[in-house]
Every structure is written in C-alpha cells, then in structure tokens.
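Beneath this line is the structure, given in structure tokens, with notes to follow.
2 protein chains.
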Amino acid sequence: MSLIVQKFGGTSVGSVEKIQHVATRVIQEVNKGNQVVVVVSAMGKTTDELIRLAAGITDKPNKRDMDMLLTTGEQMTISLLSMALQTKGYSSVSMTGWQAGIQTEAVHSKARITRIETARMKEELNRGKIVVVAGFQGMDSNHEITTLGRGGSDTTAVALAAALKASRCDIYTDVDGVYTSDPRYIKGSRKLEGISYDEMLELANLGAGVLHPRAVEFAKNNSIPLTVRSSMEETEGTLIEEVSNLEENLVVRGVAFEGEIVRVTIYGLQNEFTGLAAIFSTLADNHINVDIIIQSRTDINSTNLSFSIKEAELEDALAVLSQHKEELGFTRVEHETGLAKVSIVGSGMVSNPGVAAQMFQALSQNSIAIKMVSTSEIKVSTVVNMEDMLKAAQIIHDSFSLEALQPKPQLAK
Amino acid sequence: MSLIVQKFGGTSVGSVEKIQHVATRVIQEVNKGNQVVVVVSAMGKTTDELIRLAAGITDKPNKRDMDMLLTTGEQMTISLLSMALQTKGYSSVSMTGWQAGIQTEAVHSKARITRIETARMKEELNRGKIVVVAGFQGMDSNHEITTLGRGGSDTTAVALAAALKASRCDIYTDVDGVYTSDPRYIKGSRKLEGISYDEMLELANLGAGVLHPRAVEFAKNNSIPLTVRSSMEETEGTLIEEVSNLEENLVVRGVAFEGEIVRVTIYGLQNEFTGLAAIFSTLADNHINVDIIIQSRTDINSTNLSFSIKEAELEDALAVLSQHKEELGFTRVEHETGLAKVSIVGSGMVSNPGVAAQMFQALSQNSIAIKMVSTSEIKVSTVVNMEDMLKAAQIIHDSFSLEALQPKPQLAK
Numbered sequence: 001m002s003l004i005v006q007k008f009g010g011t012s013v014g015s016v017e018k019i020q021h022v023a024t025r026v027i028q029e030v031n032k033g034n035q036v037v038v039v040v041s042a043m044g045k046t047t048d049e050l051i052r053l054a055a056g057i058t059d060k061p062n063k064r065d066m067d068m069l070l071t072t073g074e075q076m077t078i079s080l081l082s083m084a085l086q087t088k089g090y091s092s093v094s095m096t097g098w099q100a101g102i103q104t105e106a107v108h109s110k111a112r113i114t115r116i117e118t119a120r121m122k123e124e125l126n127r128g129k130i131v132v133v134a135g136f137q138g139m140d141s142n143h144e145i146t147t148l149g150r151g152g153s154d155t156t157a158v159a160l161a162a163a164l165k166a167s168r169c170d171i172y173t174d175v176d177g178v179y180t181s182d183p184r185y186i187k188g189s190r191k192l193e194g195i196s197y198d199e200m201l202e203l204a205n206l207g208a209g210v211l212h213p214r215a216v217e218f219a220k221n222n223s224i225p226l227t228v229r230s231s232m233e234e235t236e237g238t239l240i241e242e243v244s245n246l247e248e249n250l251v252v253r254g255v256a257f258e259g260e261i262v263r264v265t266i267y268g269l270q271n272e273f274t275g276l277a278a279i280f281s282t283l284a285d286n287h288i289n290v291d292i293i294i295q296s297r298t299d300i301n302s303t304n305l306s307f308s309i310k311e312a313e314l315e316d317a318l319a320v321l322s323q324h325k326e327e328l329g330f331t332r333v334e335h336e337t338g339l340a341k342v343s344i345v346g347s348g349m350v351s352n353p354g355v356a357a358q359m360f361q362a363l364s365q366n367s368i369a370i371k372m373v374s375t376s377e378i379k380v381s382t383v384v385n386m387e388d389m390l391k392a393a394q395i396i397h398d399s400f401s402l403e404a405l406q407p408k409p410q411l412a413k
Numbered sequence: 001m002s003l004i005v006q007k008f009g010g011t012s013v014g015s016v017e018k019i020q021h022v023a024t025r026v027i028q029e030v031n032k033g034n035q036v037v038v039v040v041s042a043m044g045k046t047t048d049e050l051i052r053l054a055a056g057i058t059d060k061p062n063k064r065d066m067d068m069l070l071t072t073g074e075q076m077t078i079s080l081l082s083m084a085l086q087t088k089g090y091s092s093v094s095m096t097g098w099q100a101g102i103q104t105e106a107v108h109s110k111a112r113i114t115r116i117e118t119a120r121m122k123e124e125l126n127r128g129k130i131v132v133v134a135g136f137q138g139m140d141s142n143h144e145i146t147t148l149g150r151g152g153s154d155t156t157a158v159a160l161a162a163a164l165k166a167s168r169c170d171i172y173t174d175v176d177g178v179y180t181s182d183p184r185y186i187k188g189s190r191k192l193e194g195i196s197y198d199e200m201l202e203l204a205n206l207g208a209g210v211l212h213p214r215a216v217e218f219a220k221n222n223s224i225p226l227t228v229r230s231s232m233e234e235t236e237g238t239l240i241e242e243v244s245n246l247e248e249n250l251v252v253r254g255v256a257f258e259g260e261i262v263r264v265t266i267y268g269l270q271n272e273f274t275g276l277a278a279i280f281s282t283l284a285d286n287h288i289n290v291d292i293i294i295q296s297r298t299d300i301n302s303t304n305l306s307f308s309i310k311e312a313e314l315e316d317a318l319a320v321l322s323q324h325k326e327e328l329g330f331t332r333v334e335h336e337t338g339l340a341k342v343s344i345v346g347s348g349m350v351s352n353p354g355v356a357a358q359m360f361q362a363l364s365q366n367s368i369a370i371k372m373v374s375t376s377e378i379k380v381s382t383v384v385n386m387e388d389m390l391k392a393a394q395i396i397h398d399s400f401s402l403e404a405l406q407p408k409p410q411l412a413k
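The listed protein sequences correspond, in order, to chains R and X. With UniProt numbering applied, the first sequence has no gaps in its numbers, which climb one by one up to 413 at the end. With UniProt numbering applied, the second sequence has no gaps in its numbers, which climb one by one up to 413 at the end.
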C-alpha cells in the first residue's frame, strides 16, 4: 500500500461538476489500494472574487485580514470535495491547514511552512479515510491563520508528501504537463515527458506558471517524485525527478516568459561593499523577492545598482527603501515598469557556452532590445520590453527548434 | 469605560456598503470611550449560497463538512469588517470562533457553547483593539469546527457578553425592536419598549424570529441586558431585562406564529411509564427539539402519543424512531405536515385564567380548527392548519387589542 498525495488546482475544482469529477480521480487511486491525501485550492475564480470584495472596502487591506478572508476559499472546496467522496461511498475527512497540522512562520500573505504535525492525518489515514486538506494555508505559533502566497497549494501538497513520506505527489492541473513553452502563445510548444527538479525550478521561477517554485524546491530537497498531469484527460503528464533520463541530450529544455517586471535602480550608493548586502537583506526581511541584479560603478565614491522585481511588489519595495534610506546610504531610487523576462532553461547548457550567444543573436537579429541579462548554470534570462515578450519567446523557441525532439540543438557559433 | 458587545446579523452586513455602515456604528460606541467586541453573521445570502453549493454535490451532506463549509461565511465578514474599521483609522483584530476561544460540545450543526477562553480577546481589548468575532461558530475539544445552528450568532454575542462581563449586549438587526406581532403580516403590530427575558424567550421559541431563544436564555441566566435595535435607523429599540417595568399591566404582550410544523403520532406505546421518558430522551440525544406533547390512552395496555416538531427535523426524527423501534416498544408512527403554531405570550397571564379561553373563543368564532394546545405560565400555544396561521394571528391580535397601549385587555368571560 502506497501513500499518494494529489493536488487539484482552482480550475480543476472550478464547479460542483468538476469537484464531482475530481472525486472520481481520487477514488481511482484509492481503488488501486493506495492511501490518498488530497490537497485542493479555492474554486476557480473564488480567490479573485474575495479580493474584489476586499477592494470594495479598502485599497490597502491589511495582510492579516486578507489571509483571514482568502483562506475561506480552500475551506469551501475541502468541505465540498469531502461531501462528494462520501456521496460516492468513500470515507473522508476535510481539514483546514491548521487542522492538518501545517505550521508556518508568523508572516502574512506569504508565510513559509516550518513544520507539519502529521499525527491527526496519520490517524485518519489509518482509519481508512481519504484526507482532504485545504491548500495554501497554515497557522503560526500564535494561532494566527496564515497563507503561503499564490500558488501555495502546490507547496502544501509537496510539503505534506515529504512529511508523510509519500511515494508520489501528483499535481493535477488544467494543462497536461510541462511544455517547452506556453502552448497558448508559442507555436510549436511540445510536452516534455520528463524534466529535472533544477530545470523545473528555473521554469517555475521564470513564470512558466505550472508549478510553484517553492513546491519544486521542497520536492527536490525531499526527493519526492512529482508529476504534473491533466485533471480532465487521462494522459501521462510530465515526471519531475532528480535526473531526468529522457531527452537527456537536449541543451535547451524550454523557453519561459513572464510579464509585469519592474527594474528598480538605486543611485549613489555610498559604500558598495556593505551597501549591497544591506539593501538586499533589508528587502529580504520584508519578503520582497529580487530577481536579476546588476551593479555599475559610475565614479570612485558611489555605485549604481539595478534589480528586477515583480510589479506587484513595487509599492512595498519603494516603501521599504525610502524607510531605510539613511541607513542604507543612497541618494535616490528610480524605476522602469512595462518590462518582461524571457529565459531559456536546460541542464545541458553548462557544457555548451554558445547557447547564450545564440539567444542574444536571435533577439538582436529581430531588433529586440535586451535591458538586463542574468545567467546561471542552467538558464539564461533577458529582460525586454513587455510588448516584445511573446515575439522574443517565439523567436527563441524557433531558434532552438524546440518543437521537435532532437539530440542536439543547432548552435550558432 | 464599559465593555459593550454588539451583534450585526446577515442583513446588516449584506454588502460592502453595509459593512462600511456597520463600521460607523461600531465606531460610535468606541468614541464614547467604550471597549467593543463585535459579533457578525455571514453576509446576506452567503449561507444560502453555500447551502446551494452543497446541494449541488449531495442531497445529504454530512454535518461535519457542512459546518466546515458554512463557517467560511462569517470568516469572510470578520475580515471585511476589520478592514473597514482599520481604513477608518481604528485598530481592530478579526477572530474566528476558535481563535476567540469559543469551545463547544462535539456536535455538528447545533453545538452548544461549553466554555469561552477569553484571554486572547482581553489581551487585544487591553491593547485598545476592537475585537471582531465570527458568530455562529466554535471548536470542540477535538479541534473540530462546529456551528451553533441558525441564529447562533445571537448566542455567540450573548455568551461573549457573559464571559467578558460586558455591561450590555446590543443586537442590531433589520427590524427596530420587538413587536406585538410580525408587522409584515399582522395589522396593528406595535413596537414594545421593554419586555422580560421570559416573555422574549417564549416569543423567540415561538418563532418571532428576532432573537435566537438560546441567546435570550444565556442573557437571562447571566443577567445581561439585551437590546434589539435597527442597524440602519438611530432608534431606541426594545430593552430585554429581568423584569420589564414598562407596560407592566399588559396581560398579553404579543402574538407569535410559526409555520412548517409537523405533528408526529406514535401508536401502541407499551409501557407508558418508562416509554415516554425513553422516547423523548432518545430524541433529545439526537438533538431533535420536541415542542408540544399530547398523550392519550386508547386501551388498558397501550398509549398513543403526539408531539410537534419542525418540519426540517422530521426526517431525522423518523429515522431515530425507526432505529429504536424495538427498544422503545411501539407499533407504528404517523405524521401530519402542513401545520402551524400560533401563540400568545405575556407574563401577566398567570393571574388571568380567562386569557386562554378568550383565545380559543376568538379562533372558534372564526371557524379555525385547533389541532393541539399547550400552555405555560406566560404563554398559550395552539397548532392550526398552515393556511389558517396568519388569519388566526390577526384575529388574536385584534381580540386582545394589542395595537394600543392599554392597562387591561378586554377579557371574554
């Protein structure tokens, strides 16, 4: 008997009919003799509706009350799915995040899971029950309801799989796997049979949107095999594990893109040695995720610094910087909105230095201006104007011929 | 500095605009220098919408999951009201039932409050915060989310007032006080300035619908003065306290009525001495509320027994009876639906034996058949056909001239 964790996202539970369908997918696993823990998100547009309600009250809802409001979404889904399972003759128990023992940091709107107290879940599983857990939420040590941030249900699922030592974590979603790029926008996008944690991590971080990056990290650190598969179609999906044996010679695995990026530039930073660390630890303390960082010295005494963040975090970031302006020691801050990030990802890239060059060349041949660049062992990211985003992604996807399975991409020398 | 508990029902918080208005009513009390705990229900039709969602999944949702589902309604309201208060510059903290320390029996859908752990609330009040608590809900000793049943937010408010030793509990609602009868249906219905706990208790139990009976009981047992007042208009409302000094000579205070009553008749009960007790304790164990009870012996060895319950509890009651048929020792059960209860309430009734007679006479003169009768020191109830309900109530209201304040009603000899 294996223990499987399944996760169904908002689209998969978007209506009463879809919840009934999810129940049948859960029951399929149970009928194979497995113990099943199911993690669900809020139904379809529920979260957006709740946000709209709050917006009717105030422009700046406080985060504690926002968590209180948003967590009702998943609580609705767990109760309905549990009813559906019982109606089909299966024994189940619905649990909020705190009931499932999910303990988090004392941070609202994007808390991290610190510990999972599994006793209650194990007890229910041993009684033969299907355990239905609300994703995205937990409780801090002061009994405050917290959320893990958008996409946090993936993290809940993987964290539960790790804590319960599950043999697999299946992420059911409205797409049937991980693609070389987003098939809605990029022609020739192709489903991957397998991908490594690190590649998936880069794709997730880069806004591929299929899986939350923290979920992938959690899975990697705990060696939980993940699958991404369709909740509607009975297809195989994409397996994410330590080393993907499939298509191993492929240098570029996929092209990811993400809009609503802002470049923030800090001028006249006095002390470049301690200043850099101070700025980024101040931002991190305030839970602002900085992505690409570029530093340039303009004269002997001061340094300019640019970094990219998501547009949603701009207001917070500017507030934090202005609040700490004196101690951080800079003269002024500027920002440029309307940007996007386009990236290539692939673990074969390390040994192929020409990959980045080919990407830049493809973009420049098509007159797309590159505003920032960042590279790692398995990815190259460029920041471009928002209006160039999809065009850039298509050009790169075409340039590396990702629509076809192939042992080696054609590298531009 | 006094501590005031305020309760706003579903209609009062039915929209974002109404929640903003509730915030101003709360702030009025705070600005008088009072500490305020606010209890709120789910917004307007939210509870009905949640019930509809569940009905899309199953005809018979289990009660645990139903509680899980319904409690999201109040959780939404507390977060929105707390946001509204903060936007207006006041410090507040929203709390679910379990966060507010409301402990209940381990029963779903109509649990009773067993204890309130007030430490957290007191701490927040002492920090100068307005405490916003989700009505209708609590937690049992197994950390299960429970509900107090419909109308339970009134009970939450009064129980918090008792536990916190509040000086007053104000129930804000969509009516501006307690009336001699329901002004929507009965001509000449008049607002009462004051009423005793016992009278209110009978009116509440009889379906007057303004206040939940358990709330009134709780207030009586803890001597908490209650007011019922309008959330929209700045009027005085009705004060409910130990002995109402107002209109004290009035024999009949009000006429209450309630539809959807069922008469259940049990035939051939073998042992009338222990049988009665066994039947009603079995029903009570299953949380079925029996109202009027009539017993009649048909022959030497067996007894027939009739009682009235609410139509919503019929299915449960019949299941419980059939399940225990052998041990309870009866031959068969029948029931009659389509009935209603019409009652008069007034603490002056004890010393005026002619009151019941006048009521029966008024009904019989208008050819309304009385199916069951029950009397207490301060009330007389009759069960009539559903289609006669409003007519009967109007006849009785007229007969006792309740539209006018008067020292003595005209009694029929």
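Here a beta-carbon is modelled for each residue, glycine too, at the ideal position from N, C-alpha and C.
A Cβ of chain R is located within less than 8 Å of the beta carbon of X/Ala84. The residue from X/Phe8, X/Gly152 and X/Thr382 with its alpha-carbon nearest to that of X/Ile19 is X/Phe8. Closest in C-alpha terms to X/Val39, from the list X/Tyr179, X/Ser15, X/Lys60 and X/Ser79, comes X/Ser79. By the C-beta density criterion, R/Thr72 is buried, having at least 16 other C-beta atoms within 10 angstroms. Membership of X/Gly338 in the beta strand (DSSP E) is indicated by the continuous run Arg332 to Val345. Taking a Cβ-Cβ threshold of 8 Å, the residues of chain R close to X/Gln20 are Ile57, in chain order. Excluding its 5 nearest sequence neighbours in each direction, R/Phe257 has C-beta neighbours in its own chain below 6 Å: Val342, Met389 and Ala393, listed in chain order. Separation of R/Ala312 and R/Ile261 (C-alpha to C-alpha, rounded to the nearest whole angstrom) is 9 Å. Spanning the alpha carbons of X/Val158 and X/Asp176 requires a straight line of approximately 19 Å. According to the DSSP assignment, R/Glu311 belongs to no alpha helix (DSSP H), since it is labelled neither H nor E.
By the 16-neighbour rule on beta-carbons within 10 angstroms, R/Pro213 is buried.
The Cβ-Cβ distance between R/Leu305 and R/Gln295 falls below 8 Å. Fewer than three pairs of CB atoms, one per stretch, sit closer than 8 Å, so the region 51-59 of chain X makes no contact with the region 134-154 of chain X. Between the alpha carbons of X/Ala277 and R/Lys129 lies a distance of about 37 Å. With a threshold of 16 other beta carbon atoms within 10 Å, R/Gly14 meets it and is buried.
The beta carbon of X/Thr238 sits closer than 8 Å to those of Gly177, Val178, Lys191, Leu192, Glu193, Gly194, Ile195, Thr227, Val228 and Arg229, all from its chain and outside the five residues before and after it, given in chain order. In the DSSP assignment, R/Asp65 falls within the alpha helix (DSSP H) that extends over Lys63 to Thr87. A Cβ-Cβ separation of about 5 Å places X/Glu124 in contact with X/Val93 under the 8 Å criterion. Along the region 133-149 of chain X, going in chain order, the ones with a CB nearer than 7 Å to a CB of chain R are His143.
Counting along the chain, the unbroken alpha helix (DSSP H) around X/Ser153 starts and ends at Gly152 to Ala163.
According to DSSP, residue pairing for X/Phe8 in a beta bridge involves X/Val40 and X/Tyr172. Take the alpha-carbon of X/Pro353 and the one of X/Val380: they are about 11 Å apart. According to DSSP, R/Ile57 shares a beta bridge with no other residue. Contact between R/Leu339 and R/Lys371 holds: CB atoms are separated by about 6 Å, below the 8 Å threshold.
In the three-state DSSP reduction, X/Ala119 falls in the helix class (H, G or I).
Assignment of X/Ala278 by DSSP, reduced to helix, strand and coil, places it in the helix class. Of all residues in the region 28-40 of chain X, none places a beta-carbon less than 8 Å from a beta-carbon of chain R. By the neighbour-count definition (other C-beta atoms within 10 Å, threshold 16), X/Met83 is a buried residue. For X/Leu80, the nearest beta carbon of chain R is closer than 8 Å to its own beta carbon.
Secondary structure of X/Arg214 (DSSP, three-state): helix. Burial of X/Gln99 is indicated by the presence of at least 16 other C-beta atoms within 10 angstroms of its C-beta.
Pairing X/Ile344 with X/Leu50, the inter-Cα distance amounts to about 36 Å. Per the coordinates, the alpha-carbon of R/Phe280 lies some 44 Å from the alpha-carbon of X/Ser41. In the structure shown, X/Lys191 falls within a strand segment according to DSSP collapsed to helix, strand and coil. CA-CA distance, R/Arg64 to R/Leu318, rounds to 21 Å. Separation of X/Gly275 and X/Val132 (C-alpha to C-alpha, rounded to the nearest whole angstrom) is 47 Å.
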